[in-house]
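> Below you'll find the structure I mean.
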Amino acid sequence: MTETPALPTVWRPRTTRLVAYLTAGVIMLGMIVLAVVVAPQFTTFDRILMILFGLVVAWVLHMLARCRVAADESGLTIVNAFNTRRLEWPEVVDVTMTVGEPWPTLDLADGTSIGAMGINGAEKTLAAHQLAELRALLHTRGETPDPT
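Those letters in the sequence shown? Residues 545 to 692, per our numbering, in order.
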């Protein structure tokens with residue numbers, strides 16, 4: 545069984561962050577260069593809109609790259625692309641992630657579930673390790689211990 549990690553701890557995808565920020569940089573650089581070298585019939589307003597479009601794309605990529613799962617003494621903070629949710633330890637019943645899923649699903653005590661995009665299934669080895677650490681924390685911090 546995996547050793548319980550020290551708190552506080554944060555799990556983040558590595559590849560997703562790298563790709564998102566590199567892509568955002570390339571897109572911004574491309575839009576700035578395009579705005580500078582574009583044909584003269586384009587107005588200053590058109591050039592500004594090109595840069596603004598690059599900024600919007602970079603913002604969306606940043607929102608995807610910021611995903612994380614943070615654990616501390618009182619519970620979990622799930623930061624997904626466009627929402628953040630704070631959960632106390634007793635609220636989280638279980639975490640599951642089957643092969644091929646993009647991220648784990650946290651089953652909550654109220655019968656709902658929430659995805660945790662901060663653990664990326666594409667990073668198979670890292671995701672398995674992070675999931676095992678999260679399960680270990682749920683086992684030690686959750687309201688009901690595992691019957692095994």
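Glycine residues also receive a C-beta, built at the ideal position from the N, C-alpha and C atoms.
Quantities reported herein were computed from a predicted structural model and do not represent experimental measurements.
Determine the DSSP secondary structure at glycine 686, reduced to helix, strand or coil.
For this step, residue 686 is matched to residue 142 along the sequence shown. In the structure shown, glycine 686 sits in coil (DSSP, three-state: anything other than H, G, I, E or B).
> Does tryptophan 647 come out as helix, strand or coil in the three-state DSSP assignment?
Walking along the sequence shown from the start, residue 647 turns up at place 103. If DSSP states are grouped into helix, strand and coil, tryptophan 647 belongs with coil.
> How close, in whole Å, do the beta carbons of leucine 608 and glutamate 635 come, if the pair is a contact with beta carbons under 8 Å?
Translated into positions along the sequence shown, residue 608 becomes position 64. Translated into positions along the sequence shown, residue 635 becomes position 91. Wrong, their Cβ atoms sit about 25 Å apart, outside the cutoff.
> Answer yes if the segment 663-676 comes into contact with the segment 627-634, meaning at least three C-beta pairs across the two stretches below 8 Å, and no otherwise.
Counting Cβ pairs under 8 Å, fewer than three are found: no touch.
> Taking the C-alpha atoms as reference points, what is the distance between leucine 551 and proline 646?
Here residue 551 refers to the residue found at position 7 of the sequence shown. Here residue 646 refers to the residue found at position 102 of the sequence shown. Going from the Cα of leucine 551 to the Cα of proline 646 covers about 25 Å.
> Mind checking proline 648: buried by the 16 CB within 10 Å criterion, or exposed?
Numbered from its first residue, the sequence shown carries residue 648 at position 104. Buried, since its Cβ has 16 or more Cβ neighbours within 10 Å.
> Run through DSSP, which three-state label would glycine 655 get?
Here residue 655 refers to the residue found at position 111 when the sequence shown is read from its first residue. Reduced to three states, the DSSP call for glycine 655 is coil.
> Once you ignore the five residues that flank serine 657 on each side, which residues in its own chain have a CB closer than 7 Å to its CB?
Here residue 657 is taken as the residue at index 113 of the sequence shown, counted from 1. So the list reads Thr649, Leu650, Asp651, once near-sequence residues are dropped.
> Taking Cβ to Cβ, would you say cysteine 611 is nearer than 8 Å to valine 600?
Your numbering for residue 611 matches position 67 in the sequence shown. Your numbering for residue 600 matches position 56 in the sequence shown. No, they are not a contact pair.
> When DSSP labels each residue in this structure, what does valine 563 get in the three-state scheme?
The sequence position of residue 563 within the sequence shown is 19, counting from 1. Valine 563 falls in the helix class under three-state DSSP.
> Quick one: what's isoleucine 622 bridged to in DSSP?
Sequence index remark: in the sequence shown, residue 622 carries index 78 (1-based). Answer is Val613, Arg629, bridged to isoleucine 622.
> From the DSSP output, read off the bridge partner residues of threonine 553.
Locating residue 553 in the sequence shown gives position 9, counting from the first residue. In DSSP, threonine 553 forms a bridge with Ala615.
> Rounded to the nearest angstrom, what separates methionine 575 and alanine 671 at their Cα positions?
The sequence position of residue 575 within the sequence shown is 31, counting from 1. The sequence position of residue 671 within the sequence shown is 127, counting from 1. Approximately 34 Å between the Cα atoms of the pair.
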